[in-house]
Amino acid sequence: MASNLEQQEIRRNWLDLPSDVTANILNRIGIFDILENAQKVCTAWYKICKDPALWRVLNMNDLWNSHFSLYTSYEKIDMFKQAMDRSQGQLVDITLVYHINARLFPYVADRSSQLRRLELVSGIYTGCLTKDALVKFPLLEELNLYWIQISIEEIETVGRYCPMLKTLKVNQKVPRVWMTDSTTTDEGRSNAIAMAIGENLLELRHLELIGNAMTNIGLKMILDNCHCLEILDLRACYNIDLKGDLGKKCSEQIKNLKLPNDSLVVFPYFNEMASGLVGLVDDYEYILYVDDDFEEFPDYCRSD
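Its first residue numbered 1, the sequence shown is counted upward by one per residue in UniProt numbering.
Put into structure tokens, the structure is as follows:
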């Protein structure tokens with residue numbers, strides 16, 4: 001058993017760590033623990049916790065875990081703003097989840113001109129990718145959207161104002177959903193997003209369209225125009241048929257290809273997206289439809 005002297009020495013060693021090592025450790029514990037615990041340990045740690053470099057990557061997931069259920073939404077919003085303010089414009093990577101953070105998306109856009117990666121989760125973000133927001137992300141290289149409806153206009157806006165974009169993930173719940181539009185056919189609606197990607201995002205290297213309703217027409221548009229594409233995820237894209245020439249084109253052109261029937265169990269947010277109810281966005285003007293052919297999830301989509 002260690003003596004009191006040895007225990008004191010261990011404590012002193014923690015506080016005497018080089019600042020860069022301490023910063024590396026603090027980077028791993030999350031926003032909540034930095035603001036509520038780590039910065040209160042000592043003056044040295046407080047200074048490190050105020051350094052903008054510590055706040056270049058923010059994942060808001062840890063503010064909504066059940067561990068922090070005693071904190072009100074207002075308190076979490078305050079922590080969010082503290083984290084954003086401490087980045088002092090140096091933020092390069094942010095993950096925003098669920099409804100509270102959606103309200104603060106403009107707050108992020110106004111303070112993130114250096115942003116390289118943006119991940120949004122939950123349908124409440126629908127319609128947020130406007131010119132006013134995206135024009136502030138000229139360096140954006142990766143855009144990940146989970147459980148979010150994106151419009152043709154938003155894809156066009158991404159193509160116009162985010163010229164550095166190399167990775168796009170537009171992943172839906174399974175069964176797939178799409179926006180209604182009385183001016184187009186069912187097939188036109190199904191392929192609208194794929195066609196918009198093929199027309200506007202020609203420099204993509206990595207594309208995920210999990211749960212997309214596109215047919216071979218939309219997929220062909222992407223393959224014919226996105227010549228830099230190396231990674232393509234088509235899981236749960238049940239309207240495409242890869243048995244013929246299109247399947248051969250995929251295998252020849254794409255280095256890393258995931259097929260419609262490949263497993264989804266390692267897919268981020270799978271449990272949330274698979275169990276969520278379709279149509280929880282009643283405040284919006286469009287209607288979501290579910291394919292009648294897929295009343296329940298295939299066995300390979302289930303996680304035990």
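Note that beta-carbon positions come from the ideal geometry of N, C-alpha and C, so glycine has one too.
Since the structure is predicted, the reported quantities are computational estimates derived from the model, not experimental observations.
Alpha carbon of residue i to alpha carbon of residue j, nearest angstrom
i       : j       : result
Asp-245 : Asn-256 : 18 Å
Pro-106 : Gly-198 : 28 Å
Tyr-71  : Ala-192 : 42 Å
Leu-229 : Leu-63  : 35 Å
Cys-226 : Gly-218 : 12 Å
Asp-20  : Glu-142 : 27 Å
Val-41  : Met-60  : 23 Å
Where the beta strand (DSSP E) containing residue i begins and where it ends
i       : result
Leu-207 : 206-208
Glu-119 : 117-121
Met-142 : The question names Met, yet the displayed sequence has Glu at residue 142. Start and end: 142-146.
Val-170 : 167-171
Lys-258 : 256-258
Close Cβ partners of residue i (< 8 Å) along its chain, the five nearest in sequence each way excluded
i       : result
Phe-137 : Ala-109, Ser-112, Ser-113, Leu-115, Leu-118, Tyr-161, Cys-162
Gly-276 : Model confidence at Gly-276 stands at a pLDDT of 49, short of 50, so the residue's coordinates are unreliable; what they give is reported in the following sentence. Result list for Gly-276: Trp-147, Lys-173, in chain order.
Pro-260 : Leu-234, Arg-235, Ala-236, Cys-237, Tyr-238, Ile-240, Leu-242
Beta-carbon proximity check, residue i vs residue j, cutoff 8 Å
i       : j       : result
Leu-209 : Leu-234 : yes
Trp-55  : Arg-86  : yes
Leu-140 : Leu-120 : no
Ala-196 : Ile-148 : no
Lys-169 : Asn-200 : no
Ile-94  : Leu-58  : yes
Leu-223 : Lys-249 : yes
Ile-31  : Met-79  : yes
Leu-264 : Ala-236 : yes
Thr-157 : Leu-134 : yes
Asn-171 : Gly-127 : no
Leu-129 : Ile-150 : yes
Where the alpha helix (DSSP H) containing residue i begins and where it ends
i       : result
Asp-233 : First-last for Asp-233: 231-233, but that is the beta strand (DSSP E), not the alpha helix (DSSP H).
Tyr-46  : 43-50
Asp-93  : Asp-93 -> not in any alpha helix (DSSP H); beta strand (DSSP E) instead, spanning 93-97.
Thr-157 : 152-161
Leu-54  : Note, Leu-54: premise wrong, no alpha helix (DSSP H); not H, not E.
Thr-22  : 19-26
Lys-81  : 73-87
Leu-219 : 216-225
Leu-246 : 245-253
Val-108 : 105-109
Supposed contact pair residue j and residue i - C-beta distance, whole angstroms, cut 8 Å
i       : j       : result
Asn-239 : Met-221 : Not quite, the Cβ-Cβ distance comes to about 14 Å (not below 8 Å), so this is no contact.
Residues near residue i in its chain [Cβ-Cβ closer than 6 Å; skip 5 each side]
i       : result
Ala-23  : Ile-48, Leu-54
Ser-182 : The predicted model places Ser-182 with a pLDDT of 42, which falls under 50 and marks its position as unreliable; any figure quoted below should be read in that light. If we look at Ser-182 and ignore the five residues flanking it on each side, it has no Cβ neighbours.
Pro-18  : none
Same chain, Cβ closer than 7 Å to residue i, neighbours up to 5 away in sequence not counted
i       : result
Ala-83  : Ile-31, Trp-55, Leu-58
Asn-216 : Ile-240, Asp-241, Leu-246
Leu-104 : Ile-77, Phe-80
Leu-26  : Ile-34, Ala-38, Ile-48, Cys-49, Leu-54
Gly-188 : none
Test: residue i CB closer than 8 Å to a CB of chain C
i       : result
Pro-268 : The structure shown contains no chain C; it is built from a single protein chain.
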